[in-house]
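Worksheet for the structure shown next.
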Amino acid sequence: MTLNNSKPKIILSVDVECWGQSVLDRSLPILPHSADNVRRLLQLFDRHNAKATLFVLGKFAKTHPRVIKEAASAGHEIASHGYGHVEVFRQSPTEFRGDLRQANDVIASITGAQPRGYRAPVFSIRNDSLWALDVLADEGFEFDSSIFPFAGPRYGIGDWPAEPCTVKTESGHSIVEYPPTTLQFFGRRLPVAGGGYARLLPKRVLRKVFDRAAITRNTPPVFYCHPYEIDVTEISTHYGETPLRRRLHQGLGRRTFWSKLETLLTHFAGTTFSAAMSEIGAMPCKRIGGRESTTHTKPKHALCEST
Ligand SMILES: [Zn+2]
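The working numbering numbers the first residue of the sequence shown as 4 and each following residue consecutively.
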């Protein structure tokens, strides 16, 4: 089956992990219901003839290899979310490289291929961890979607280009940085592409956000979600160990999230990073490290901001 070409495209991305283990406590086990949630998402994508990029946590893949194999067999792109879900800025470059390799080994043993793309836990490539792009490129990754181009309290780089660009690192490596979508609102960028924002925004507003992004951008906008966001009962299973503030933050909007996904997939054609990038072609180029400068390489879509 082919994608419905009459619908505007969005890149559909899923960070595949278990909520308790990744958000609450990394020492917790990866529970079976997290694999069930992934299967429900795969069925939904299949019903809408959508393809997605799954950024799979290595530890998750090791626990539930079968569902990752099913996703790959269904034509979804299997990318890496690292192994242990430790923020990049908490790791040394050597630790980060080890975490990448551990995840790659697990993923390759399931799919037979090294992942081309990476997304950091909690979008944790920031100004203080931009060295990670060099490590990623050195390890053979072709694209990254870890830098949220907004000035957030825990993550994000406020002046990072809002559309994808090719990053040239100080040591001469290249990697495409394809950031999650932000919305310009009264001069501020808001991270509306998924997660808590998408859970809380009314369905109609969320659709309008991506309508606007699809019209005003030169490249398909990026939506992201997690399998646990469709699970309305999960919070109560961790009730005793979850502080009230976190229960509210993580639980709000789960009840309506499924119908929001249905709406998005009805109006947009879900595609993968690799498929989108093969259509975009050459991108603006951003150099990092050393003397900051920006050059352009024959961009088909030249909105990369220079910083
Ligand atoms: Zn994560």
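Yeah, the Cβ is synthetic: ideal placement off N, Cα and C, and Gly gets one too.
{"Query": "Which full runs of the alpha helix (DSSP H) of 4+ residues lie inside the stretch 197 to 242, going along the chain?", "Result": "198 to 203, 206 to 219 and 237 to 240"}
{"Query": "Let's test the definition: count the other Cβ atoms within 10 Å of the Cβ of Ile14 and tell me whether it reaches 16, buried, or not, exposed.", "Result": "buried"}
{"Query": "If you count every other CB in all the chains shown that lies within 10 Å of the CB of Lys171, and 16 or more means buried, which is it?", "Result": "buried"}
{"Query": "Residues around ligand 1, please: the condition is that the C-beta lies closer than 6 angstroms to some non-hydrogen atom of it.", "Result": "Asp18, Glu20, Ser25, His84, His88 and Pro124"}
{"Query": "Can you tell me which of Arg42, Lys62 and Asp137 puts its alpha carbon nearest to the alpha carbon of Arg29?", "Result": "Lys62"}
{"Query": "If you draw a straight line from the alpha carbon of Gly273 to that of Ser174, how long is it in whole angstroms?", "Result": "35 angstroms"}
{"Query": "What three-state label does DSSP hand Glu80 in the structure shown?", "Result": "strand"}
{"Query": "What is the DSSP secondary structure of Ala272, counted as helix, strand or coil?", "Result": "strand"}
{"Query": "With respect to 8 angstroms, is the separation between the Cβ of Phe153 and the closest non-hydrogen atom of ligand 3 below this value?", "Result": "No copy of ligand 3 appears in this structure; the ligands present are ligand 1."}
{"Query": "With DSSP as the reference, label Ile128 as helix, strand or coil.", "Result": "coil"}
{"Query": "With a threshold of 8 angstroms, are at least 3 pairs of Cβ atoms found where one atom belongs to the stretch 47 to 58 and the other to the stretch 254 to 271?", "Result": "yes"}
{"Query": "Hey, how far is the Cα of Ser9 from the Cα of Ile283?", "Result": "18 angstroms"}
{"Query": "DSSP beta-bridge partners for Phe188?", "Result": "Arg191"}
{"Query": "For the candidate residues Asp234, Phe271 and Thr114, whose alpha-carbon lies nearest to that of Gly23?", "Result": "Asp234"}
{"Query": "Using only the alpha-carbon positions, how far apart do Ser309 and Pro287 sit?", "Result": "Low confidence applies here, because Ser309 scores a pLDDT of 32, under 50, leaving its location unreliable; read the following figure in that light. The alpha-carbon atoms of Ser309 and Pro287 are separated by roughly 9 angstroms."}
{"Query": "Between the stretch 119 to 137 and the stretch 153 to 165, do three or more beta carbon pairs fall short of 8 angstroms?", "Result": "yes"}
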